[in-house]
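Trainee: Below are the structure tokens for one structure; questions will follow.
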Amino acid sequence: MSSSVLSPVEGADIQESPAVERRSQQWLSRLALREVGQRVIEAGCGVGAWTRLLLKNREQVVALDPHASHVAGLLSRFQAHSNLDAMTMDLAAPRFRDLARYQPDSVLCVDALAREKDDQRALFNFTTVLPRGGRVVLLVPACPALFGSLDMALGHHRRYSKESLSQLSESVGLQVRQMRYVNIAGFFGWWVDTRVLETVEMAAPGALRERLVPYLERVERLIAPPFGQSLFAVLELPR
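Residue numbering for the sequence shown follows this note's numbering, beginning at 45 and increasing consecutively.
Have a look at this one:
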């Protein structure tokens with residue numbers, strides 16, 4: 045049995061389970077969605093949990109994923125939404141820059157950067173489609189010391205610290221506007237699961253986890269945790 049206090053940042057496939065979709069994703073979506081604009085590239089859409097939220101009040105959403113099955117499912121599920129385009133694409137591919145034709149003002153990337161072997165190339169690609177002042181909003185797995193069995197099962201190549209993500213961002217010309225650790229409670233659950241129990245399958249959070257989420261959110265809003273399961277960042281292309 046898994047003991048983690050899980051975050052929907054950790055893996056696209058679990059994002060659609062009802063338990064995750066309630067308070068856990070709402071917490072992270074309140075952080076991230078207020079930072080993106082009206083014309084958004086969703087880099088690494090997975091099975092569409094974040095796509096669904098974006099489509100509610102955005103002018104244009106371009107959803108990308110390297111898995112053709114995810115994209116096909118997305119197009120079928122949201123076929124009534126005229127503000128959605130979706131395509132199969134690796135985030136580090138040279139053709140990413142062709143997406144400038146959509147005139148995006150922001151890129152949202154949830155967990156997918158950690159799955160890219162060349163994360164610098166992927167992050168640089170984001171900058172090639174944005175105007176000056178455009179934003180990259182990231183949620184990534186945090187704390188390299190947590191890297192273990194679950195990360196490998198999820199296809200992560202790394203976990204990030206504030207220092208490593210700041211250096212990566214600056215190397216491609218992005219300025220850090222905001223960066224903070226999220227979900228300090230999840231840090232300990234993830235460590236037990238992946239380093240002690242060596243779990244390789246994720247479980248949706250249970251009732252106790254859901255009851256704790258509002259309190260965790262309030263505490264972390266007042267006091268930024270010194271570490272956490274995830275790292276949230278808002279980056280900007282200088283004007």
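For each residue, glycine too, the CB sits at the ideal point set by N, CA and C.
Identify whether residue 205 lies in helix, strand or coil by the three-state DSSP scheme.
Mentor: Taking the first residue of the sequence shown as position 1, residue 205 is located at position 161. Coil.
Trainee: Can you give the Cα-Cα distance for residue 196 and residue 177, rounded to whole angstroms?
Mentor: Within the sequence shown, numbered from 1, the residue matching residue 196 stands at position 152. Within the sequence shown, numbered from 1, the residue matching residue 177 stands at position 133. As the crow flies, the alpha-carbon of residue 196 is around 35 Å from that of residue 177.
Trainee: Kindly indicate the opening and closing residues of the alpha helix (DSSP H) around residue 165.
Mentor: Numbered from its first residue, the sequence shown carries residue 165 at position 121. Per DSSP, residue 165 belongs to the alpha helix (DSSP H) from 163–172.
Trainee: Applying the 10 Å Cβ sphere with the 16-neighbour rule, what's the burial state of residue 103?
Mentor: Position 59 of the sequence shown, counted from the first residue, corresponds to residue 103. Per the 10 Å Cβ criterion, exposed.
Trainee: May I ask you to verify whether the stretch 91–106 touches the stretch 122–129, counting CB pairs closer than 8 Å and requiring at least 3?
Mentor: Per the Cβ contact rule, the stretch 91–106 is in contact with the stretch 122–129 (3 or more Cβ pairs under 8 Å).
Trainee: Taking only the alpha-carbon atoms, compute the straight-line gap between residue 143 and residue 74 and give it to the nearest angstrom.
Mentor: In the sequence shown, the residue the question calls residue 143 occupies position 99. In the sequence shown, the residue the question calls residue 74 occupies position 30. Those two C-alpha atoms are separated by around 26 Å.
Trainee: Using the rule of at least 16 other Cβ atoms within 10 Å of the residue's Cβ for burial, across every protein chain shown, is residue 237 buried or exposed?
Mentor: Within the sequence shown, the letter at position 193 stands for residue 237. Buried, because 16 or more other Cβ atoms sit within 10 Å of the Cβ of residue 237.
Trainee: Would the beta-carbon of residue 175 fall within 8 Å of that of residue 204?
Mentor: Position 131 of the sequence shown, counted from the first residue, corresponds to residue 175. Position 160 of the sequence shown, counted from the first residue, corresponds to residue 204. Taking 8 Å as the Cβ cut-off, residue 175 and residue 204 do not qualify as a contacting pair.
Trainee: In chain order, which continuous runs of the beta strand (DSSP E) of length 3 or greater are located wholly inside the stretch 86–133?
Mentor: 104–109, 128–132
Trainee: Could you give the distance in angstroms between the alpha-carbon of residue 191 and the alpha-carbon of residue 148?
Mentor: The residue you call residue 191 lines up with position 147 of the sequence shown. The residue you call residue 148 lines up with position 104 of the sequence shown. Approximately 33 Å between the Cα atoms of the pair.
Trainee: Near residue 80, which residues of its chain fall below 6 Å by C-beta distance, leaving aside the five closest residues on each side in sequence?
Mentor: As a working mapping, residue 80 is identified with position 36 in the sequence shown. By the criterion of a C-beta distance shorter than 6 Å, residue 80 is surrounded in its chain by 150, 152, 181, once the five residues flanking it on both sides are discounted.
Trainee: Can you give me the C-alpha to C-alpha distance between residue 275 and residue 187, rounded to a whole angstrom?
Mentor: Here the question's residue 275 lines up with position 231 in the sequence shown. Here the question's residue 187 lines up with position 143 in the sequence shown. Roughly 8 Å separates the two Cα atoms.
Trainee: Is any beta-carbon of chain C found at less than 8 Å from that of residue 80?
Mentor: In the displayed structure, chain C is absent; only one protein chain is listed.
Trainee: Please tell me whether residue 220 and residue 208 are closer than 8 Å, where the distance is taken between their beta carbons.
Mentor: Taking the first residue of the sequence shown as 1, we reach residue 220 at position 176. Taking the first residue of the sequence shown as 1, we reach residue 208 at position 164. No, Cβ-Cβ distance for residue 220 and residue 208 is not below 8 Å.
Trainee: Using a 10 Å radius around the Cβ and a threshold of 16 neighbouring Cβ atoms, would you call residue 263 buried or exposed?
Mentor: Taking the first residue of the sequence shown as position 1, residue 263 is located at position 219. When all chains shown are included, residue 263 counts as exposed.
Trainee: Between the C-alpha atoms of residue 158 and residue 183, what's the straight-line distance to the nearest angstrom?
Mentor: On the sequence shown, position 114 is the one that residue 158 refers to. On the sequence shown, position 139 is the one that residue 183 refers to. Approximately 10 Å, taken between the alpha carbons.
Trainee: Give the straight-line distance between the Cα atoms of residue 121 and residue 97, rounded to the nearest whole angstrom.
Mentor: The residue you call residue 121 lines up with position 77 of the sequence shown. The residue you call residue 97 lines up with position 53 of the sequence shown. Rounded to the nearest angstrom, the two C-alpha atoms are 13 Å apart.
Trainee: When you compare only the Cα positions, how much space is there between residue 230 and residue 273?
Mentor: Locating residue 230 in the sequence shown gives position 186, where the first residue counts as 1. Locating residue 273 in the sequence shown gives position 229, where the first residue counts as 1. Separation of residue 230 and residue 273 (C-alpha to C-alpha, rounded to the nearest whole angstrom) is 5 Å.
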